[in-house]
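Here's the structure we're looking at; comments come further down.
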């Protein structure tokens, strides 16, 4: 069962998911594919997102993958159901694990979600939460400035603090909310600053962390865990459709994937 | 998909799991069966535990259950694999969810487990942790005084504090441990006092909480969630093989299952 697990994203955000998968499941072999050439998917039509996602999946099926992780909220919202239906392997998205973790965490049954405008307007998290527990009330807040902030490399400045404080004010003004879902795979990179702004009053849940745990559980359910006792850890392979330089810098500086090779591929 | 989910335990400890299942999955219908007549299983032979567990399972199969949750560490360690193999429905135990949560939580890769002498000497948690992440080092500590303390109803006294402090001293003396698994379904009832003794330096994980989340995930994987939009919440049914009085008191005082009926059954 040393077949690889594929992790796909529109760009670099999914590296937060890859990081958690690799940390929680060191014996597994991961192949990450970021479609950086065509990101962000948030501004593309549904048809384009569907087409691009299937191009990534078809490319990765050549690697005899045993599971597919869709580490992108937009692609999860649009394509997850048909991927699940049509592929002969288990498919995990980022929305349900985040929603389930919020249900586990909340005591007030008031949960906030932050994400890109597309993710918030899709109400994918709201639906996932309420389909499991109809008593839960949600507050979705779009934070369109967070991804540009992260991609510019600013994760700590006073300006970043001000942007986050301003963006999160609807949440700060509602004392009944006790749980916040980071509904965008980029956001865990801002998590320390977000927790500072929230003054630790609210439990902040990363879809990345929770998706890691759920992939672990589903590997066990489907009896797909790598049980080779001689393998202690494996190094992820990172593929991109775009330029190598940005991904190479981020993988080392933020994720310490210094041993991972990055390759450019054409879909 | 309004078929019930069965939750079995040797006695009352599994009510912590039932509480979390009902809280996290209010739309689902649960039937709990505690074999209080013959508990504790910890002191029985493997053959007896296997026989008793199958008697409970065979009884509950009459209810057309869609999933089985084994909310008992001893029965999980001994019978889970054969239940998974032989039953046509998904079967979830309490050990793997706790182990996966610890892998998600630990940064030092040093995890302590507390449980009954049987559970600790079985090394079931150690094996589950290390099969997923071989770098993790474990410290198992048997706490044989905790269950009698809980069953006597003493969850807060100075004496209880002293017993916990004494029992947990191997963990308190090891500054590298950052995560503790409550490897007995009774222990969440002592969790506030355990966290006080540990002075909040160590993340305390309840198998009950984590099993709740994993049952939720697996219902989704197997497409077994109750999707009836008219059902908002359902009240668990509680069955026991022993006297009704203790279970009735505990279910109300500790778990607020005031609306649940308790019935006595013969296996």
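Protein chains in written order, with my numbering: chain A, 1 to 267; chain R, 1001 to 1267.
Each residue gets a CB set at the ideal place from its N, CA and C atoms; glycine is no exception.
As the structure is a prediction and not an experimental result, all values here were calculated from the model.
query, result
"Three CB pairs or more closer than 8 Å across the stretch 115 to 130 of chain A and the stretch 148 to 155 of chain A", "no"
"Beta-carbon proximity of residue 74 of chain A to residue 57 of chain A, cut-off 8 Å", "no"
"Three-pair Cβ contact test at 8 Å for the stretch 1195 to 1213 of chain R versus the stretch 1096 to 1104 of chain R", "yes"
"The stretch 244 to 255 of chain A contacting the stretch 1031 to 1047 of chain R, beta-carbon criterion three pairs below 8 Å", "no"
"Beta carbon of residue 1025 of chain R nearer than 8 Å to that of residue 1008 of chain R", "no"
"Residue 249 of chain A (DSSP reduced to helix, strand or coil)", "helix"
"Span separating the alpha-carbon of residue 1191 of chain R from that of residue 108 of chain A", "20 Å"
"Chain R within 8 Å of residue 104 of chain A, Cβ atoms only", "yes"
"Extent of the continuous alpha helix (DSSP H) to which residue 1161 of chain R belongs", "1158 to 1167"
"C-alpha distance - residue 223 of chain A paired with residue 1023 of chain R, whole-angstrom precision", "29 Å"
"Residue 111 of chain A vs residue 138 of chain A beta-carbon contact at 8 Å", "yes"
"Interface flag, residue 30 of chain A vs chain R, CB-CB below 8 Å", "no"
"Paired residues, beta bridge with residue 111 of chain A - DSSP", "A:138 and A:179"
"Segment contact flag, the stretch 1126 to 1135 of chain R with the stretch 1237 to 1251 of chain R, C-beta cutoff 8 Å, min 3 pairs", "no"
"Chain-ordered chain R contacts of residue 24 of chain A [CB-CB under 9 Å]", "1100, 1103, 1104, 1132 and 1133"
"Residue environment, residue 128 of chain A, which counts as buried when at least 16 other CB atoms sit within 10 Å", "buried"
"Residue from A:234, A:235, A:28 and A:53 whose Cα sits closest to the Cα of residue 36 of chain A", "A:53"
"Contacts around residue 19 of chain A, its chain only, beta-carbon distance under 6 Å, and the 5 residues preceding and following it disregarded", "255"
"Close-in-space but distant-in-sequence residues of the same chain around residue 17 of chain A (CB under 8 Å, 5 per side omitted)", "7, 9, 69, 71, 94, 185, 207, 208, 211 and 212"
"Closer than 7 Å at the beta carbon, the chain R residues around residue 212 of chain A", "1104"
"Beta strand (DSSP E) segments (min. 3 residues) lying fully within the stretch 1013 to 1051 of chain R", "1030 to 1034"
"Interface flag, residue 207 of chain A vs chain R, CB-CB below 8 Å", "no"
"Nearest to residue 217 of chain A (by Cα), restricted to the options A:180, A:85, A:21 and A:229", "A:21"
"Nearest to residue 1195 of chain R (by Cα), restricted to the options R:1228, R:1061 and R:1160", "R:1160"
"Proximity winner among R:1236, R:1174 and R:1085, relative to residue 1015 of chain R (alpha-carbon distances)", "R:1236"
"Sub-8 Å separation of residue 89 of chain A and residue 215 of chain A beta-carbons", "no"
"Three-state secondary structure (DSSP) of residue 126 of chain A", "helix"
"Rounded separation between residue 1055 of chain R and residue 1011 of chain R - CA only", "14 Å"
"Residues near residue 1225 of chain R by beta carbon distance below 7 Å, same chain, minus five either side", "1001 and 1219"
"Rounded distance between the beta-carbons of residue 170 of chain A and residue 141 of chain A, thought under 8 Å", "5 Å"
"Listed by chain order, chain R residues near residue 221 of chain A by CB distance under 7 Å", "1218 and 1221"
"Interface partners of residue 96 of chain A on chain R, CB under 7 Å", "1220"
"Any C-beta of chain R under 8 Å from that of residue 82 of chain A", "no"
"Residues bridged to residue 57 of chain A [DSSP beta-bridge criterion]", "Answer by DSSP bridge pairing: none, since residue 57 of chain A is not bridged."
"Assigned exposure category for residue 187 of chain A - 16 Cβ within 10 Å defines buried", "buried"
"Chain-order list of residues whose beta-carbon lies under 6 Å from that of residue 4 of chain A (same chain, five-residue window excluded)", "29, 31, 63 and 65"
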